[in-house]
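Report on the structure given below.
Protein chains: 2
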Amino acid sequence: MEHLPQQLEFLREIDQLKGIIRQTLLIDKSRKENSAEHSWHLAMYAMILSEYANEPVNVGRVIQMLLIHDIVEVDAGDVPLHGNGDKSEQEQREKAAADRLFGLLPDQQGKNLRTLWDEFEEATTPDARFAKALDRLQPVLHNLATDGGTWETFNVDEAKVLNRCGPQIEKGSSSLWEWASQEIRQYFK
Amino acid sequence: MEHLPQQLEFLREIDQLKGIIRQTLLIDKSRKENSAEHSWHLAMYAMILSEYANEPVNVGRVIQMLLIHDIVEVDAGDVPLHGNGDKSEQEQREKAAADRLFGLLPDQQGKNLRTLWDEFEEATTPDARFAKALDRLQPVLHNLATDGGTWETFNVDEAKVLNRCGPQIEKGSSSLWEWASQEIRQYFK
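Chains A and B, in that order, give the protein sequences.
For the first sequence, the numbering used here gives the first residue as -11, with consecutive numbering after it.
For the second sequence, the numbering used here gives the first residue as -11, with consecutive numbering after it.
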């Protein structure tokens, strides 16, 4: 039980992810989505859609990656895909956040989670590529279901959407991208 | 790809879980927690606290159970632990919700998720007992961190809290209950 206080401190600290607001609307358009419920939804995407991964994936690892992928936003905030935030500054903020937050945990457990988070960020394994694809796919579905959602908010056109979403989704799942790209083209018609 | 439309319909439908409001406060007390972010938080509890399970558990299965355990609330709503709702009526509503919601999925996938949800509800396996323990533990931590939270809202005393939380937490993790019961006693002193 010696590690329990550190572990509970981490679990209390990450409660703040529920207050990090993304740009994506909920499907009922009542409000914007927060990063904690977004992480839950993505984990469900992994459970339901793993058959479409380009390469065999370990669904359990993909789920765990998606559960932790946004935790750094507790310190670093969320940077919208279609916004004008400085991506390299954000990367530095997120690395510092990963140091602090995973550092709250007992040594080995913190290292394991940090390794999993780094794997997601680097996106060089089948599990990480599929996780990244889902992270990019989910807002597309929400925009399609909410009259354009952030595409309208940020005034982006078909070419920009295809260009910003395509590579990441296609690397993880060419079949999901085939479906999504058709839907995007249909939307902008 | 023939199953994709059903799967995406399910993923859109469960977006409504983000609008199901529980009684538990967020730790910063800014608002009440919704069931989607609660499910994310519990999955994180499983990742971090599995070493305290009474029996060996498959963490990946515990996580998946916790991700889906509240999905029925999309139709059936949330019934607070310390409220006066009719538990057997609620059980019927939740079963009907499970029929409808998991029924949106392709046949075998829907059956697999329903089986996992039934296992959680019945709580007769080590994985389900541990998942249930975490579901009961998390609100205790939030109440301890928010000046009593729902214990004050519903005006419940130490004996009621120990009685309503103890059996379920202890069956899954006697060490976590040992810690939590001490903290609860300390709070009510």
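For each residue, glycine too, the CB sits at the ideal point set by N, CA and C.
Predicted, not measured: the structure shown is a model, and the values here were computed from it.
| Bounding residues of the alpha helix (DSSP H) (the contiguous stretch that carries residue 223 (chain B)) | Residue coverage of chain B in this structure runs from -11 to 177, which leaves residue 223 (chain B) outside it and unanswerable.
| request: May I have a chain-ordered list of the alpha helix (DSSP H) segments no shorter than 4 residues that lie completely inside the segment 25 to 89 of chain A? | output: 47 to 56, 61 to 64
| field | Contact set between the segment 11 to 30 of chain A and chain B, restricted to residues whose Cβ is under 8 angstroms from the partner | value | 14, 15, 16, 18, 21, 22, 24, 25, 27, 28, 29
| message | Using a Cβ distance threshold of 8 angstroms, determine whether the segment 131 to 143 of chain B contacts the segment 62 to 70 of chain B, with at least three qualifying pairs required. | response | yes
| request: Have a look at residue 132 (chain B) and residue 159 (chain A) and give me their C-alpha separation to the nearest angstrom. | output: 45 angstroms
| Cβ neighbours of residue 56 (chain A) in the same chain (closer than 7 angstroms, five flanking residues each side left out) | 101, 104, 105
| query | residue 8 (chain A) by DSSP, collapsed to three states: which one? | reply | coil
| Can you tell me where the alpha helix (DSSP H) with residue -10 (chain B) in it begins and where it stops? | That residue, residue -10 (chain B), is in no alpha helix (DSSP H); it is neither H nor E in DSSP.
| field | Option in B:156, B:166, B:137, B:94 with minimal Cα separation from residue 120 (chain B) | value | B:156
| task | Please work out which residues of its chain come closer than 7 angstroms, Cβ to Cβ, to residue 23 (chain A), disregarding the five sequence neighbours upstream and downstream, and give them in chain order. | result | 5, 8, 10, 58, 61, 66
| field | Backbone secondary structure at residue 13 (chain A) - three-state DSSP | value | strand
| query | What does residue 51 (chain B) reach in chain A if we use C-beta pairs closer than 9 angstroms? | reply | 31, 48, 51, 52, 55
| said: Residues of chain A with CB closer than 8 angstroms to the CB of residue -2 (chain B), please, in chain order. | reply: 36
| Local Cβ density within 10 Å of residue 161 (chain A), reported as buried at 16 or more and exposed below that | buried
| field | Bridge partner(s) assigned by DSSP for residue 20 (chain B) | value | B:13
| field | Euclidean distance between Cα positions of residue 46 (chain B) and residue 176 (chain A) | value | 45 angstroms
| task | Could you tell me whether any Cβ in chain B is nearer than 9 angstroms to the Cβ of residue 156 (chain A)? | result | no
| From B:170, B:138, B:166, B:-3, residue whose alpha carbon lies closest to that of residue 19 (chain B) | B:138
| message | Less than 9 angstroms between the beta carbons of residue 93 (chain A) and residue -6 (chain A), yes or no? | response | yes
| said: So the candidates are A:-9, A:52, A:172, A:21; which of them puts its Cα closest to the Cα of residue 118 (chain A)? | reply: A:52
| Between which two residues does the alpha helix (DSSP H) containing residue 143 (chain B) stretch? | That residue, residue 143 (chain B), is in no alpha helix (DSSP H); it is neither H nor E in DSSP.
| task | Just the chain A side, please: which residues come within less than 8 angstroms of residue 129 (chain B) by C-beta, in chain order? | result | -4, -1, 0
| query | Does the beta carbon of residue 167 (chain A) come closer than 9 angstroms to any beta carbon on chain B? | reply | yes
| Listed by chain order, chain B residues near residue 87 (chain A) by CB distance under 9 angstroms | What residue 87 (chain A) touches in chain B: nothing, since even the nearest Cβ is about 18 angstroms away.
| task | Helix, strand or coil for residue 120 (chain A), going by three-state DSSP, please let me know. | result | helix
| said: Looking only at its chain, what residues have a beta carbon closer than 7 angstroms to the beta carbon of residue 181 (chain A), apart from the 5 residues adjacent to it on each side? | reply: Examination of residue 181 (chain A) is not possible in this model, given that chain A is present from -11 through 177 alone.
| task | With distances taken Cα to Cα, identify the nearest neighbour of residue 110 (chain A) among A:79, A:41, A:171. | result | A:79
| message | Less than 9 angstroms between the C-beta atoms of residue -2 (chain B) and residue 89 (chain B), yes or no? | response | yes
| task | Give a yes or no on whether the C-beta atoms belonging to residue 31 (chain A) and residue 165 (chain B) are separated by under 9 angstroms. | result | no
| said: Please tell me whether residue 163 (chain A) has its Cβ less than 9 angstroms away from any Cβ of chain B. | reply: yes
| message | I'd like the list of long-range same chain contacts for residue 98 (chain A), defined as Cβ closer than 8 angstroms, with 5 residues on each side in sequence excluded. | response | 90, 91, 92
| Start and end of the alpha helix (DSSP H) containing residue 168 (chain B)? | 162 to 176
| request: Taking C-beta pairs closer than 8 angstroms, name the residues in chain B that residue 7 (chain A) reaches, listed in chain order. | output: 14, 16, 18
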